[in-house]
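So the sequence shown is numbered by the numbering used here: it starts at 1 and just counts up by one.
Glycine included, C-beta positions come from ideal geometry on N, C-alpha and C.
Report on the structure given below.
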Amino acid sequence: MADREVVIINGARTAIGRFGGALKNLTVIDIGVAAVQGALERSGVKPEDIDEVIIGHARQAGTGPNAARIVSVKAGIPSSVPAFGVQQACISGLQAIMLATNSIKLGHSKVVLAGGMEHHSSIPYLSLNTRWGARLGDMVLEDAMFRDGYRCGIEDKLMGELTDGLAQKYGISRAEQDQFALESQQKADAAKRNGFYAKVIVPIEMKQKDGSSLLFQEDEHPRSDTTLERLAKLSPAFTKDGTITAGTSSGITDAACALIVMSKERADELKLKPLAFIRSYATAAVEPKYFGIGPVPAARKALQSAGLTLDDIDLIEVNEAFAAQVLTVIKEMKLDKSKVNVHGGAIALGHPTGMSGARLALEMPYALEERNGRCGIVTICGNGGHGGAMILERVRY
């Protein structure tokens, strides 16, 4: 099992849409199909070469039974190929790639399409007491976005509230958070302008009311006009005396991402050139109220499994759920900030929860190539107190 090398061939993601933005009239199925078809086209892999489909999807209410299967078939993958979804909150997309790697290492599959998707704009409201009749009193509608996502079901607090506590525990100041958020926006804007994100984005054709078509191919959430002065004027978003603001939090967004993962042996047979080796991966769990620190034990496990130290790592991705959360991870692991999130992150781009981990894994090989690096680690925290990490080694040609 351990001797079977697993590689990422290539992949694609949609541009990230704002909440209620350009993608609002589509569905998670629509954007999932676009990402899958883009990944197949860019990798040169035929649909009939796929043995299994695994897609992370964190907000599943109202999306149909096994949305991953619906996406798979509608994207043109043969109906004989099994597909399933993964729900591990924000870690879902990265976990899908981990499960794909497990399947290949165990010999169950040779080629797996793995990724993640989320469409916050279509998340429904729920009426939980309607089915059997409320009889008396008000009928309450609950926002599934909060019930299934932004509220911790263990602590019964919003993730932002918990992050305020994390910032206080680790001594992360408001000024540090504002500065980090500004840098996220600046780095994302630079990456957009130099064409980095264009390397991974597959355009989506949007039909207009007049019958014309518009290509959606640039991330919609970044705010290139962000300044420290504007960030400093924002009020605390979650607790009265807190330090977390909307400007230092990840954005609510829509997007999908898919990657082709296979054994190195199969890649050689198909004469394909991989982007990266998947060297190790791990998940870990922490106290739910300190969920943001989850990447720390996960990263340490992944490094130990790969026989590496942080000195061997050229680039680091810490998903930007909140600026305070990333700064806590940097502080706890004593990370070199110059290696962290070099193209910005979810504060600028947005955080389509089920998709984000897959995005990090897809973009890391391109970032390593850009900087002539060898190894990178991607990490992500998740609701409930989980952390995930994966180490990738760029294939040099």
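Best match in the options for proximity to residue i [C-alpha to C-alpha]
| i | options | result |
| --- | --- | --- |
| Asp398 | Glu363, Leu128, Leu335 and Val45 | Here the chain has residues from 1 to 397 only, and residue 398 is not among them. |
| Lys110 | Gly382, Asp49, Ile380 and Val33 | Asp49 |
| Ala282 | Ser263, Asp312 and Gln304 | Gln304 |
| Val318 | Ile29, Ile260 and Ser338 | Ser338 |
| Asn102 | Asp143, Val6, Gln179 and Gln87 | Val6 |
| Ala34 | Glu393, Lys289, Ala255 and Leu270 | Ala255 |
| Met390 | Lys289, Met145, Phe19 and Ile97 | Ile97 |
| Asp148 | Trp132, Gly354 and Gly373 | Gly354 |
| Asp3 | Ala306, Lys273, Pro288 and Ala302 | Ala306 |
| Tyr397 | Asn372, Gly387 and Gly388 | Asn372 |
| Phe19 | Ala68, Tyr290, Ile252 and Leu270 | Ile252 |
| Gly165 | Phe238, Asp219 and Glu41 | Phe238 |
| Lys289 | Glu161, Asn341, Thr328 and Pro78 | Glu161 |
| Arg300 | Lys273, Lys334 and Leu327 | Lys334 |
| Leu315 | Pro297, Ala298, Leu270 and Arg394 | Arg394 |
| Leu272 | Glu41, Ile31 and Val36 | Glu41 |
| Ala298 | Asp336, Asp225, Glu142 and Gly387 | Gly387 |
Burial state of residue i (16 or more Cβ within 10 Å)
| i | result |
| --- | --- |
| Leu182 | buried |
| Leu228 | exposed |
| Tyr125 | exposed |
| Ser356 | buried |
| Ile29 | buried |
| Thr309 | exposed |
| His108 | exposed |
| Glu155 | buried |
| Asp178 | buried |
| Arg135 | exposed |
| Ala324 | buried |
| Arg131 | exposed |
| Ala284 | buried |
| Phe291 | buried |
| Gly211 | exposed |
Bounding residues of the alpha helix (DSSP H) (the contiguous stretch that carries residue i)
| i | result |
| --- | --- |
| Ile31 | Val28 to Ser43 |
| Leu347 | First, the amino acid is wrong: residue 347 is Ile here, not Leu. It spans Ala346 to Leu349 - the alpha helix (DSSP H) in which Ile347 sits, taken as one unbroken run. |
| Arg230 | Leu228 to Ala232 |
| Glu269 | Lys264 to Glu269 |
| Tyr170 | Met159 to Tyr170 |
| Thr328 | Ala323 to Met333 |
Cutoff 8 Å; reference residue i; Cβ partners in own chain excluding five residues on either side
| i | result |
| --- | --- |
| Pro222 | Gln185, Ala188, Asp189, Lys192, Gly344, Ala348 and Leu349 |
| Leu392 | Ile8, Ala276, Phe277, Ile278, Arg279, Ala361, Met364, Pro365, Leu368, Cys375, Gly376, Ile377 and Val378 |
| Glu401 | Outside the shown range of the chain, which is 1 to 397, sits residue 401, and nothing can be said about it. |
| Ser213 | Glu205, Met206 and Lys207 |
| Asn129 | Met139 and Val140 |
| Asn66 | Ala83, Phe84 and Gly85 |
| Gly64 | Ile29 and Ile70 |
| Arg151 | Lys157, Leu158 and Met159 |
| Gly62 | Ser122, Ile123, Pro124 and Ala144 |
Spatial neighbours of residue i in its chain, beta-carbon cut-off 7 Å, leaving aside the 5 residues before and after
| i | result |
| --- | --- |
| Met1 | With a pLDDT of only 47 at Met1, under the threshold of 50, the placement of this residue in the model should not be trusted, and no figure is reported. |
| Gln87 | His57, Ala58 and Gln60 |
| Lys331 | Tyr170 |
| Asp51 | Val81, Ser109, Lys110, Val111 and Val112 |
| Pro236 | Gly242, Thr243, Ile244 and Thr245 |
Residue range of the unbroken beta strand (DSSP E) whose run includes residue i
| i | result |
| --- | --- |
| Lys207 | Ile204 to Lys207 |
| Gly357 | It is not in any beta strand (DSSP E) - Gly357 instead sits in the alpha helix (DSSP H) that spans Thr353 to Glu370. |
| Ser213 | Ser213 to Phe216 |
| Val71 | First-last for Val71: Ala67 to Lys74, but that is the alpha helix (DSSP H), not the beta strand (DSSP E). |
Close Cβ partners of residue i (< 6 Å) along its chain, the five nearest in sequence each way excluded
| i | result |
| --- | --- |
| Phe196 | His343 |
| Val286 | Ile293, Gly294 and Gly385 |
| Gly247 | Ala181, Leu231 and Leu234 |
| Ala38 | The residue asked about is misnamed: residue 38 is Gly in this sequence, not Ala. Hits under 6 Å: Ala12 and Val202. |
| Phe216 | Ala15, Ala22, Ile204 and Met206 |
| Ser43 | Ile9, Asn10 and Ile260 |
| Lys264 | Glu5 and Val7 |
| Ala114 | Ile54, Ala96, Ile97, Ala100, Leu259 and Val261 |
| Asn194 | none |
| His351 | Ser250 |
| Gly133 | none |
| Glu220 | Gly17, Arg18, Gly21 and Ala22 |
| Gly32 | Val71, Met117 and Ala256 |
| Ala167 | Thr243 and Ala324 |
| Ala358 | Gly93, Gly115, Gly116 and Cys257 |
beta-carbon residue i near the ligand NAD non-hydrogen atom, thresh 8 Å
| i | result |
| --- | --- |
| Gly345 | The ligand NAD is not among the ligands present in this structure, which contains no ligands whatsoever. |
Cβ of residue i within 9 Å of any chain B Cβ
| i | result |
| --- | --- |
| Asp189 | You won't find chain B in this structure, because it holds only one protein chain. |
- Does the region 267-283 come within contact of the region 12-27, defined as at least 3 CB pairs closer than 8 Å? no
- Message: Under 8 Å, with one C-beta from each stretch per pair, do the region 217-236 and the region 86-95 reach the 3-pair mark?
- Response: no
- Three or more C-beta pairs closer than 8 Å, one from the region 169-178 and one from the region 236-253: is that the case here? yes
- Task: Evaluate the contact criterion for the region 196-211 versus the region 10-20: three or more CB pairs, one atom per stretch, below 8 Å.
- Result: yes
- Query: Within the chosen definition, does the region 110-122 reach the region 378-395 through at least 3 CB pairs nearer than 8 Å?
  - Reply: no
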